[in-house]
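Right, one structure below, let's go through it.
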Amino acid sequence: NAGVTQTPKFQVLKTGQSMTLQCAQDMNHEYMSWYRQDPGMGLRLIHYSVGAGITDQGEVPNGYNVSRSTTEDFPLRLLSAAPSQTSVYFCASSSPDGQGVNYGYTFGSGTRLTVV
Amino acid sequence: LAKTTQPISMDSYEGQEVNITCSHNNIATNDYITWYQQFPSQGPRFIIQGYKTKVTNEVASLFIPADRKSSTLSLPRVSLSDTAVYYCLVGDPYTGTASKLTFGTGTRLQVTL
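In order, the protein sequences belong to chains X and E.
Following the working numbering, the numbering of the first sequence begins with 18 at its first residue and continues without gaps.
Following the working numbering, the numbering of the second sequence begins with 602 at its first residue and continues without gaps.
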């Protein structure tokens with residue numbers, strides 16, 4: 018059981034370049050989210066999804082796009098990379114239990130992105 | 602979403618019990634309290650979740666008083682491997698707020714010999 022898989026683990030981009038951070042989960046979770054974590058800071062929500070075909074913006078969505086065409090995958094696209102987007106990006110997934118209670122998210126190991 | 606306040610950092614010696622308190626004065630009726638642990642260079646890991654009174658699992662205990670305006674994560678007999686950042690989150694796990702967790706800066710626990 019792989020859990021939440023993020024690729025790549027490390028990436029260096031030049032300002033203005035675009036790229037897609039991949040996130041896949043094999044737990045059939047409904048909820049998926051993307052966070053960024055800057056040095057010494059907590060995690061900030063970028064975008065989230067409550068199911069295939071449904072996405073919404075989080076706290077810091079500018080400069081990022083997402084789509085959720087399948088339950089398993091939730092890619093994050095950087096449209097035109099900027100140095101301010103240098104951060105560690107975490108993908109997470111979760112699902113309510115039979116009573117509708119969501120007991121916690123499973124996080125991926127992160128993608129460390131540097132924009133120069 | 603209820604705002605949480607927790608100490609920025611704590612220090613402990615190995616073998617001691619550590620209690621980390623989180624304040625959440627505007628917690629809503631349907632909100633649960635959830636704690637995550639994050640090691641350096643890793644994603645957060647779910648530790649424990651509760652609504653009221655006391656919850657215990659193999660990792661920690663969570664104490665929630667009757668007014669639910671605060672909660673305390675208790676780590677028994679910590680070891681060096683418990684050095685991490687601990688986050689307290691408050692939200693309704695039954696609704697869409699569960700899909701958008703809000704993390705603060707957490708409490709950085711340093712365990713030494």
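Positions of the beta carbon are idealized from the N, C-alpha and C atoms, including for glycine.
Mind checking which residues open and close the beta strand (DSSP E) that includes E/His625? The count along the second sequence starts at 1 and reaches residue 625 of chain E at position 24. Neither: E/His625 is in no beta strand (DSSP E) and is coded neither H nor E.
Mind checking which residues open and close the beta strand (DSSP E) that includes E/Leu730? With chain E running from 602 to 714 in the structure shown, residue 730 of chain E is simply not present.
Whose Cβ in chain E lies nearer than 8 angstroms to the Cβ of X/Leu93? Here residue 93 of chain X refers to the residue found at position 76 of the first sequence. Those within 8 angstroms of X/Leu93 in chain E number zero; the least Cβ separation is about 14 angstroms.
What does the alpha-carbon distance come out to for the pair X/Gly80 and X/Leu30? Your numbering for residue 80 of chain X matches position 63 in the first sequence. Your numbering for residue 30 of chain X matches position 13 in the first sequence. Roughly 14 angstroms between the two C-alpha positions.
How many angstroms separate the CA atom of X/Asn64 from the CA atom of X/Ser84? Numbered from 1 along the first sequence, position 47 holds the residue referred to as residue 64 of chain X. Numbered from 1 along the first sequence, position 67 holds the residue referred to as residue 84 of chain X. The displayed chain sequence assigns His, not Asn, to residue 64 of chain X. Looking at the two C-alpha atoms, the distance is approximately 10 angstroms.
At a Cβ threshold of 8 angstroms, is E/Gly560 touching chain X? Missing from the structure shown is residue 560 of chain E; chain E here goes from 602 to 714 and no further.
Taking X/Val105 as the reference, which of X/Gly20, X/Gln42, X/Arg53 and X/Glu89 has the closest Cα? Locating residue 105 of chain X in the first sequence gives position 88, counting from the first residue. The residue with the shortest Cα to Cα distance from X/Val105 is X/Arg53.
Reference E/Thr654, options E/Ser682, E/Ser671 and E/Phe640, closest by Cα: Your numbering for residue 654 of chain E matches position 53 in the second sequence. Comparing Cα positions, the closest option is E/Ser671.
So E/His625 packs on E/Val679, CB below 8 angstroms; how close in whole Å? On the second sequence, residue 625 of chain E is found 24 positions in, with the first residue counted as 1. On the second sequence, residue 679 of chain E is found 78 positions in, with the first residue counted as 1. At roughly 24 angstroms, the Cβ-Cβ gap does not stay under 8 angstroms, so E/His625 and E/Val679 are not in contact.
Chain-order list of residues whose beta-carbon lies under 8 angstroms from that of E/Ile609 (same chain, five-residue window excluded): The count along the second sequence starts at 1 and reaches residue 609 of chain E at position 8. Cβ neighbours of E/Ile609 beyond the five flanking positions: Thr706, Thr708 and Arg709.
In chain order, which beta strand (DSSP E) runs of at least 3 residues are fully inside the region 609 to 684 of chain E? 610 to 614, 619 to 624, 633 to 639, 646 to 651, 654 to 657, 662 to 665 and 671 to 676
Report yes or no: is there a C-beta of chain X within less than 8 angstroms of the C-beta of E/Tyr688? Position 87 of the second sequence, counting from 1, holds the residue named residue 688 of chain E. At least one chain X Cβ lies under 8 angstroms of E/Tyr688.
What separation, rounded to the nearest whole angstrom, lies between the Cα atoms of X/Ala98 and X/Ser110? One-based indexing of the first sequence puts residue 98 of chain X at position 81. One-based indexing of the first sequence puts residue 110 of chain X at position 93. About 25 angstroms.
Buried or exposed: which applies to X/Gly125, given that a residue is buried once 16 or more other Cβ atoms fall within 10 Å of its Cβ? On the first sequence, residue 125 of chain X is found 108 positions in, with the first residue counted as 1. Result: buried.
Residue interval of the beta strand (DSSP E) (run including X/Ser104): Here residue 104 of chain X refers to the residue found at position 87 when the first sequence is read from its first residue. Element bounds for X/Ser104: Ser104 to Ser111.
Nearest-angstrom Cα separation, counted from E/Glu618 out to X/Ser86: Counting from 1 along the first sequence, the entry for residue 86 of chain X is found at position 69. Counting from 1 along the second sequence, the entry for residue 618 of chain E is found at position 17. Spanning the two alpha carbons is a distance of roughly 46 angstroms.
Do you know how far the Cα of X/Met36 is from the Cα of E/Arg646? As a working mapping, residue 646 of chain E is identified with position 45 in the second sequence. As a working mapping, residue 36 of chain X is identified with position 19 in the first sequence. If you take the alpha carbons of E/Arg646 and X/Met36, they lie about 27 angstroms apart.
Which same chain residues end up closer than 6 angstroms to E/Gly733 when comparing Cβ atoms and leaving out the 5 residues on each side of it in sequence? Nothing about residue 733 of chain E can be reported from this structure: the residues present for chain E run from 602 to 714 only.
Quick one: which residues of the region 57 to 79 of chain X get their C-beta closer than 7 angstroms to a C-beta of chain E? List them in chain order. Met58, Gly59, Leu60, Leu62, Tyr65, Val67 and Gly75
Tell me the DSSP bridge mates of X/Arg129? The sequence position of residue 129 of chain X within the first sequence is 112, counting from 1. Its beta-bridge partners are X/Phe27 and X/Val105.
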